[in-house]
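Presented below is the structure to which this report refers.
2 protein chains.
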Amino acid sequence: MANAALDVLGIGNAIVDVIAHAEDAFLEQEALVKGTMALIDAARAEALYRLMGPAIEASGGSTANTMAGLASLGGTGAFIGKVRDDLLGSVFRHDLTAQGVRFATPAATSGPGTARCLILVTPDGQRTMNTYLGACVELGPEDVDPELVRAAQVTYLEGYLFDPPAAQEAFRRAAAIAHAAGRKVALSLSDPFCVDRHRARFRELVAGHVDILFANEAEICSLYETTEFAAAAAAVRGQVAIAALTRSEQGSLILADGAEHAIAAQPVARVVDTTGAGDLYAAGFLYGLTRGLPLPTCGAIGSLCAAEIISHIGARPEARLAELVAPVIYAAARRLGLEQ
Amino acid sequence: MANAALDVLGIGNAIVDVIAHAEDAFLEQEALVKGTMALIDAARAEALYRLMGPAIEASGGSTANTMAGLASLGGTGAFIGKVRDDLLGSVFRHDLTAQGVRFATPAATSGPGTARCLILVTPDGQRTMNTYLGACVELGPEDVDPELVRAAQVTYLEGYLFDPPAAQEAFRRAAAIAHAAGRKVALSLSDPFCVDRHRARFRELVAGHVDILFANEAEICSLYETTEFAAAAAAVRGQVAIAALTRSEQGSLILADGAEHAIAAQPVARVVDTTGAGDLYAAGFLYGLTRGLPLPTCGAIGSLCAAEIISHIGARPEARLAELVAPVIYAAARRLGLEQ
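Chains A and B, in that order, are what the protein sequence lines are. Residue numbers for the first sequence follow my numbering, so the first one is 1 and each next one is one higher. Residue numbers for the second sequence follow my numbering, so the first one is 341 and each next one is one higher.
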């Protein structure tokens with residue numbers, strides 16, 4: 001996977017998070033399913049916001065979080081996604097570009113405002129997300145710059161792209177261009193309910209067009225309609241070149257070439273907010289992969305990045321991830337005899 | 341100070357904070373004075389934002405932070421301040437009212453947008469603030485609801501109100517109404533450069549109209565044009581009924597009725613972001629005072645609240661302050677024989 005100007009091109013929903021603490025009782029009262037993402041319309045977003053406690057606003061979006069993580073690790077990345085030309089859109093663009101990610105998709109000049117995700121963080125650190133897609137519905141195949149896709153070792157797509165109407169086409173177009181250029185396509189399943197909404201098309205994509213698959217336990221189980229993780233892991237084997245299955249505090253399982261690697265989670269003193277855990281695992285994993293590091297090292301970098309993100313509020317890294325993972329990278333390089 | 345429907349009415353600038361990490365070199369490059377607040381215009385705000393790293397947005401404003409802290413402690417408060425009818429204005433209103441603070445000042449429907457403060461947090465946890473006052477310049481005496489002033493045991497004013505043109509009048513009007521109703525007036529000096537800009541009027545106010553004064557070392561030294569804290573403390577003695585002088589990790593000194601009380605700072609594991617330390621000290625102090633607690637207890641509550649706020653990013657409490665300070669309150673109540 002050499003000779004690429006970019007490590008990863010991410011395509012995803014461009015979203016600003018609105019994050020507040022909430023009690024479990026509030027989730028029950030509002031009929032919200034803990035740990036998942038629900039799509040809401042503008043009126044519900046308005047109503048739910050009124051009921052939420054004091055919040056902070058921070059740029060988010062699953063793939064955009066991954067790209068911010070990749071940049072913080074020292075990787076080169078670009079992002080394609082749709083904001084509106086409004087204040088939240090400027091905030092989203094500022095935060096991503098200030099992190100060092102290329103982001104040149106033009107903002108929509110009409111239609112709904114920049115997407116926002118109302119995130120409720122319960123005392124156990126779990127996040128429950130409510131997304132108003134807003135301007136994300138404007139993302140279409142015309143936003144996929146073929147040069148950018150060809151320039152990237154990996155084109156990384158979030159499953160959430162199956163929700164806005166035209167984004168699936170953008171998704172398929174990007175995958176086709178990537179493969180035609182000899183590049184790899186990675187996919188995150190994003191959310192069990194998202195898989196549920198689009199299961200048939202997800203299965204077809206995974207089997208036919210995805211090289212690297214990211215999923216957590218609930219998502220991979222939803223994809224193969226089983227309640228047993230082992231059964232889901234068996235089902236995905238052979239469907240993709242690499243599957244990285246994350247299991248919260250149980251770490252992750254990487255399946256590739258008939259082998260499997262169990263990766264430990266990185267312990268954290270206190271889980272403050274799990275928002276972005278999967279996104280940052282993917283960032284670390286792809287950073288390692290695009291540098292040709294062995295899969296267990298890719299997984300270990302992923303675990304470190306996920307641990308950083310769940311130790312604070314928000315889904316963008318606060319620490320310099322490059323410094324955080326340096327010892328793991330050096331150790332791997334030494335083992336590979338790459339050290340000078 | 342009994343028979344009041346409100347513990348504290350706060351009047352201040354209504355500001356949304358934009359908070360980013362920055363290196364000391366960045367402050368030097370941009371000629372910013374660490375630990376202080378500079379006023380900037382819209383063009384400079386735009387330019388500085390472009391240069392800043394990834395940020396988060398959180399409601400701020402010195403007095404508004406104090407009112408949020410008071411509400412988190414279980415106190416009853418109201419706020420008067422001016423936002424514009426824009427997105428940041430809605431965010432500011434949501435966050436304050438969701439915290440339980442009454443905030444009914446109508447938004448400006450024309451003129452500059454809601455104020456924002458670009459805050460750079462250096463690795464030592466210090467914050468350097470750059471404020472674009474925006475809609476705050478629209479605050480005037482007509483926004484001071486006399487009923488609200490009369491209903492509050494204490495009307496709390498921030499020194500920053502001396503910067504927007506019409507707010508000083510609002511300030512004086514509120515102080516006059518409060519005293520006519522037999523209520524108390526509290527003032528925070530806010531910032532040494534703010535004192536510098538308005539020293540004569542600050543001195544006149546402090547001597548003639550303020551009952552409770554909050555200031556940090558740099559501010560009280562600026563007010564009395566000395567470099568010696570002891571000299572500044574001597575100068576303020578007798579000018580106000582109560583002076584609470586904060587000294588960062590050296591705690592605070594409370595001067596009242598010829599006595600002085602040295603209050604220890606509450607140690608914190610790591611100072612993450614000092615934004616709001618003084619605001620939350622004032623919240624704790626005023627909470628204790630409006631409950632008739634002894635001054636050393638008021639100071640101890642202030643120290644606890646300040647410690648909470650500097651242990652995370654942002655100037656609004658993340659923990660429930662009422663739970664945090666409960667042991668101190670119980671101990672004080674027991675000593676006073678108020679326990680059931």
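No residue lacks a Cβ here, since even glycine has one placed at the ideal position from N, Cα and C.
Cut-off 8 angstroms between Cβ atoms - residues of its own chain near residue i, not counting five sequence neighbours on either side
i, result
"A/R173", "P141, V144"
"A/Q168", "L161, F162, R201"
"B/S651", "V608, A609, R610, V611, V612"
"B/R433", "V423, F443, A447"
"A/E30", "L48, L51"
Given residue i as reference, the closest of the options once Cα atoms are compared
i, options, result
"B/G639", "B/T615, B/E600, B/L676, B/V608", "B/E600"
"B/A345", "B/R523, B/L633, B/S651", "B/R523"
"A/I301", "A/I40, A/D41, A/H312, A/G74", "A/G74"
"B/A526", "B/P504, B/P505, B/E557, B/V550", "B/V550"
"A/V325", "A/V154, A/G69, A/I56, A/G134", "A/G69"
"B/G474", "B/P532, B/R537, B/L379", "B/L379"
"A/D7", "A/G77, A/A107, A/P123, A/V91", "A/G77"
"B/I511", "B/A411, B/D531, B/F533, B/P486", "According to the sequence provided, residue 511 of chain B is Phe. The question's Ile does not apply to it. Cα-wise, what sits closest to B/F511 is B/P486."
"A/R320", "A/L304, A/G288, A/R334, A/V121", "A/L304"
"B/V461", "B/I669, B/A655, B/A662, B/V580", "B/A655"
"B/P657", "B/L349, B/D364, B/A438", "B/A438"
"A/N216", "A/A47, A/L245, A/T227, A/A180", "A/L245"
"A/G292", "A/T36, A/I254, A/E23, A/Q153", "A/Q153"
"A/A181", "A/R197, A/P123, A/T155, A/M37", "A/T155"
"B/A385", "B/Y472, B/Y627, B/M377", "B/Y472"
"B/G350", "B/N470, B/L436, B/H538", "B/L436"
"B/G451", "B/A382, B/A411, B/G375, B/D364", "B/A382"
"A/A322", "A/H179, A/T226, A/S72", "A/S72"
"B/I517", "B/L488, B/L367, B/T376", "B/L488"
"A/G287", "A/I254, A/I329, A/E308", "Here residue 287 of chain A turns out to be Tyr, not Gly, going by the sequence shown. It is A/I329."
"B/G375", "B/A362, B/P667, B/M469, B/E368", "B/M469"
"B/A362", "B/A354, B/M377, B/P463", "B/P463"
"B/A354", "B/R543, B/T449, B/F419", "B/F419"
Close Cβ partners of residue i (< 6 angstroms) along its chain, the five nearest in sequence each way excluded
i, result
"A/D17", "A58, G60, C117, I119"
"B/P636", "H601"
"A/D357", "In the structure as shown, chain A begins at 1 and stops at 340. Residue 357 of chain A is therefore absent and cannot be evaluated."
"A/A175", "V185, H209"
"B/L428", "V356, T454"
"B/T614", "G465, Q466, R467, I650"
"A/E219", "L189, P192, V195"
"B/A685", "This structure cannot speak to residue 685 of chain B, because chain B is shown only from 341 to 680."
"A/I242", "I212, A256"
"B/G598", "none"
"B/G591", "I603, A604, A605"
"B/F554", "S528, A584, A622"
"B/I396", "I359"
"B/E589", "A605"
"B/R587", "E557"
Cβ separation of residue i and residue j, assumed to be a contact under 8 angstroms, to the nearest whole Å
i, j, result
"B/I653", "B/V611", "With 8 angstroms as the limit, B/I653 and B/V611 do not qualify as a contact, their Cβ atoms being about 11 angstroms apart."
"B/G548", "B/L479", "That belief does not hold up - the Cβ atoms of B/G548 and B/L479 are roughly 22 angstroms apart, past 8 angstroms."
"A/A107", "A/V83", "5 angstroms"
"B/E498", "B/G352", "4 angstroms"
"B/Y564", "B/A570", "With 8 angstroms as the limit, B/Y564 and B/A570 do not qualify as a contact, their Cβ atoms being about 11 angstroms apart."
"A/P165", "A/V137", "6 angstroms"
"A/A332", "A/P294", "7 angstroms"
Proximal residues to residue i (C-beta, below 7 angstroms), its chain only, five neighbours per side dropped
i, result
"A/R335", "none"
"B/A491", "A344, A345, L346"
"A/Q340", "Because the pLDDT at A/Q340 is just 44, under 50, the model does not fix this residue reliably, and the value given afterwards should be weighed accordingly. Around A/Q340: no qualifying Cβ."
"B/V580", "V546, V550, D551, I552, L553"
Q. Any contact of the region 253-271 of chain A with the region 50-62 of chain A, i.e. 3+ C-beta pairs under 8 angstroms?
A. The region 253-271 of chain A vs the region 50-62 of chain A: no contact.
Q. Touch check for the region 439-449 of chain B and the region 401-415 of chain B: three-plus C-beta pairs under 8 angstroms?
A. yes
Q) Are three or more beta carbon pairs between the region 568-577 of chain B and the region 617-632 of chain B nearer than 8 angstroms? A) no
(Q) Just to confirm the assignment: which complete beta strand (DSSP E) runs, minimum length 3, are found wholly within the region 94-169 of chain A? (A) 115-121, 127-132, 152-158
Q. Fully enclosed by the region 356-394 of chain B, which alpha helix (DSSP H) runs are 4 residues long or longer?
A. List check, alpha helix (DSSP H) in window: 364-369, 382-391.
**Q.** Contiguous beta strand (DSSP E) assignments of at least 3 residues, all confined to the region 232-272 of chain A
**A.** Complete beta strand (DSSP E) runs here, min 3: 242-246, 252-256, 259-263.
(Q) In chain order, what are the residue ranges of uninterrupted beta strand (DSSP E) at least 3 long that sit wholly in the region 192-233 of chain A? (A) Within the region 192-233 of chain A, the complete beta strand (DSSP E) runs of at least 3 residues fall at 212-216.
Q: Pick out the complete alpha helix (DSSP H) segments inside the region 311-335 of chain A, 4 residues or longer, and give them in chain order.
A: 321-335
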